[in-house]
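Residue numbers (my numbering), protein chains in the order written: chain V, 28 to 140; chain Y, 96 to 210.
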């Protein structure tokens, strides 16, 4: 089955700095890689995703990059704000996983004002 | 997207009892999944709820402990049977919209505490 690893587990940045979270996956058949943000006591919310036919995707201050050869993908948040503080999860899905989603272990991001 | 309603939102249960969590979606979806999120942990897939057939369980999860029903394309239930304190967790219903290429959305979750 799919194995998704995520680093770092915790990350603290100063407001305005950038934050980068990295994930690796094991199943080369995975072709869809979403990122979720989970605030305390709330459900995970999809913030950005990327498919295997694309190397990079950007949405305002967040971007995701994918390296299929190395089987890793990363989330980049620029100009961080205190409201970016949350736990972020990466995930992988594809035919090899039966189209199910397998999640990384999560990164707790703290943005210090 | 999809609107996913779960109930109960939270409950406190006694050891040895069972609790059924309901998940209702506002549209027909083929793929529906149940996840568990233990305190401070990631999302672990319990099973895929299949309409009209038995659920497909992940390694470490069994039907006797987590029976699942999926009577139609908008509704599913997860039962946590013979509960122990180790079952204290948040249980999340999720659906994949748009078929096998679609996005995954989560319900609000059901927070169970087992005493």
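Think of the CB as a built atom: it goes at the ideal place given N, C-alpha and C, for glycine as much as any other residue.
Legend entry - Beta-carbon proximity of residue 61(V) to residue 113(V), cut-off 8 angstroms: In this structure, residue 113(V) does not lie closer than 8 angstroms to residue 61(V) by Cβ.
Inset, instruction - Using beta-carbon positions only, say whether residue 70(V) and residue 111(Y) come within less than 8 angstroms of one another. - result: No, Cβ-Cβ distance for residue 70(V) and residue 111(Y) is not below 8 angstroms.
Inset, instruction - Report yes or no: do three or more beta-carbon pairs, one from the segment 151-160 of chain Y and one from the segment 96-106 of chain Y, lie closer than 8 angstroms? - result: Contact check between the segment 151-160 of chain Y and the segment 96-106 of chain Y: fewer than three CB pairs, one atom from each, fall below 8 angstroms, which does not count as touching.
Inset, instruction - Would you please verify whether the beta carbon of residue 54(V) is less than 8 angstroms from any beta carbon of chain Y? - result: Judged by the 8 angstroms Cβ criterion, residue 54(V) is not in contact with chain Y.
Inset, instruction - Tell whether a beta-carbon distance below 8 angstroms holds between residue 192(Y) and residue 127(V). - result: It is not a contact, given that the beta carbons lie outside the stated cut-off.
Legend entry - Enclosing beta strand (DSSP E) for residue 166(Y) [first to last residue]: 163-167 is the span of the beta strand (DSSP E), which, as asked, contains residue 166(Y).
Legend entry - Three-way DSSP call (helix, strand, coil) for residue 106(Y) in this model: DSSP places residue 106(Y) in strand when its eight states are reduced to three.
Inset, instruction - Please look up how many angstroms separate the CB atoms of residue 165(Y) and residue 127(Y), rounded, as I've assumed it's under 8 angstroms. - result: Yes, they are in contact, since the Cβ atoms of residue 165(Y) and residue 127(Y) sit about 7 angstroms apart, within 8 angstroms.
Legend entry - Buried versus exposed call for residue 4(V) [16 or more other C-beta atoms within 10 Å across all chains shown]: Since the first residue shown for chain V is 28 and the last is 140, residue 4(V) is missing from the structure and cannot be characterised.
Inset, instruction - Check whether the segment 85-96 of chain V touches the segment 28-39 of chain V, counting contact only when three or more Cβ pairs, one atom from each stretch, lie closer than 8 angstroms. - result: No: the two stretches stay apart, fewer than three of their Cβ pairs being nearer than 8 angstroms.
Legend entry - Cβ separation of residue 49(V) and residue 99(V), assumed to be a contact under 8 angstroms, to the nearest whole Å: About 6 angstroms; that satisfies the 8 angstroms criterion.
Legend entry - Boundaries of the beta strand (DSSP E) in which residue 92(V) is found, first to last residue: 89-94 is the extent of the beta strand (DSSP E) around residue 92(V).
Inset, instruction - Specify, as a first and last residue, the run of the beta strand (DSSP E) that residue 32(V) falls within. - result: Where residue 32(V) is concerned, the enclosing beta strand (DSSP E) starts and stops at 31-34.
Inset, instruction - Indicate whether at least one CB of chain V lies closer than 8 angstroms to the CB of residue 126(Y). - result: Yes, contact with chain V.
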